[in-house]
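As numbered in UniProt numbering, residues 1 to 339 make up the sequence shown, in order.
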Amino acid sequence: FCSWEGVMCSRWRPSRVVELSLDGRGLAGALSPALGNLSFLRTLNLSFNRLHGEIPASLGRLRRLLKLDLSDNSFSGKIPVNLSSCISMTKLRLRNNQLGGRIPAELGEKLTSLAVISLRNNSFTGLIPPSLGNLSHLQYLDLTTNQLVGSIPSSLGSNHNMQQFGISRNNISGMLPPSLYNWSSLEVFSVALNMLYGSIPDDIGSKFAKLEHLGLGGNHFTGTIPSSISNISSLVFLNLVQNGFSGYVPPTLGKLGALQHLNLGANNLEANDNKGWEFITSLANCSQLQLLDLWEYPCRHWQFGWSANTCHSKYFHRRSDSREHWQARELDRARLVQQ
1 FCSWEGVMCS RWRPSRVVEL SLDGRGLAGA LSPALGNLSF LRTLNLSFNR LHGEIPASLG
61 RLRRLLKLDL SDNSFSGKIP VNLSSCISMT KLRLRNNQLG GRIPAELGEK LTSLAVISLR
121 NNSFTGLIPP SLGNLSHLQY LDLTTNQLVG SIPSSLGSNH NMQQFGISRN NISGMLPPSL
181 YNWSSLEVFS VALNMLYGSI PDDIGSKFAK LEHLGLGGNH FTGTIPSSIS NISSLVFLNL
241 VQNGFSGYVP PTLGKLGALQ HLNLGANNLE ANDNKGWEFI TSLANCSQLQ LLDLWEYPCR
301 HWQFGWSANT CHSKYFHRRS DSREHWQARE LDRARLVQQ
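So, in structure tokens, the structure goes:
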């Protein structure tokens, strides 16, 4: 069996299977509990198949397991608490299944080597476990599109290696914990379509200096848009739609040379005088801009103003757009790299 495609055995113990990579092989049915007997297994990748049923608790016996990927199947039930016995695990990918229940706190208490947790597009309920703050190696946390409630645990700010954080499309409430701004290596921050509120700190541009994706749309954020956002030279995607932001849009947004998507619609932004439109002129410097969305923005004189003088064919403006349509677009653009 060591010569079978997708099966790798140990060089030093030829009869010991160390890797099963059978992703996209059309496998169907339930997962055999006998997999828990492969005590030398380091990688188990069964993603993109048609597997269903519960995840066998016997997988918790795989103490040497580093990577578990059961994504894009039809697994149901809960995450077995026994998985917390896989103390060597660095990557846990269960996205795009039908899993539910609470996210076990034991994942953060015992799997201290975890760098990747991908649980998006399931039906998990309950709170985000504060114990995930114990994972000092965690770089990627994607809990997008579940049914999670409560607030974002401030303990997550202890993960100084965080690069991509996604909790969009849940029922998360409260303010953004100040501790999150310790994520100096953050590239993706996607919290859209929740019930978050509060203001964004004035110095966010220096806190998230490496940010590429900032998705805050569909919440209850208020206050002004910090001008320091203009200092995030790597920013590609900026979505602030459907909040309660007020005041003037920073005219310095034109400094964002990498910016491709800008969505400011459905806020309380000032647009009644020339100062309220200075940012439009500055955006002419954003040579990579592909989409400018000002949905429900008070756009008087739009047709004969900026669009006539500086608008390129790649810029778009939607004066009326349903929330449902915007949600679909937001999901497409909420770019968390599939880890």
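Beta carbons are placed, not taken as given, at the ideal position from N, Cα and C, and that holds for glycine.
The Cβ atoms of residue 207 and residue 248 lie no closer than 8 Å to each other. With respect to the C-alpha of residue 237, the residue from 187, 170, 193, 284 having the closest C-alpha is 187. The criterion of a C-beta distance shorter than 8 Å is satisfied by residue 137 and residue 114. One alpha carbon belongs to residue 7, the other to residue 47, and they sit about 15 Å apart. For residue 108, no beta strand (DSSP E) encloses it; the enclosing alpha helix (DSSP H) starts and ends at 106-110. Pairing residue 252 with residue 233 gives a Cβ-Cβ distance that is not under 8 Å. Sixteen is the threshold: since fewer than 16 other Cβ atoms of the shown chains lie within 10 Å of the Cβ of residue 220, the residue is exposed. A distance below 8 Å between beta-carbons, with the five flanking residues on each side excluded, links residue 126 to the following residues of its chain, in chain order: 101, 102, 103, 148, 149, 150.
For residue 223, the enclosing beta strand (DSSP E) covers residues 220-223. The alpha-carbon of residue 161 is positioned some 19 Å away from that of residue 93. In the three-state reduction of the DSSP assignment, residue 61 falls in the helix class, which pools H, G and I. As computed with DSSP, residue 293 is found in a beta bridge with 263. Residue 239 is bridged by DSSP to 215, 263. Between the alpha carbons of residue 259 and residue 25 lies a distance of about 39 Å. Counting along the chain, residue 29 sits inside no alpha helix (DSSP H); it lies in the beta strand (DSSP E) bounded by residues 28-30.
Separation of residue 41 and residue 91 (C-alpha to C-alpha, rounded to the nearest whole angstrom) is 14 Å.
Taking all protein chains shown into account, residue 30 has fewer than 16 neighbouring C-beta atoms within 10 Å of its C-beta and is therefore exposed.
DSSP places residue 280 in the helix class (H, G or I) of the three-state scheme. The shortest CA-to-CA distance from residue 146 to any of 130, 133, 122 is the one to 122.
Boundaries of the alpha helix (DSSP H) harbouring residue 206: 204-207, taken from the DSSP string. Residue pairing from DSSP places residue 140 in a beta bridge opposite 116, 164.
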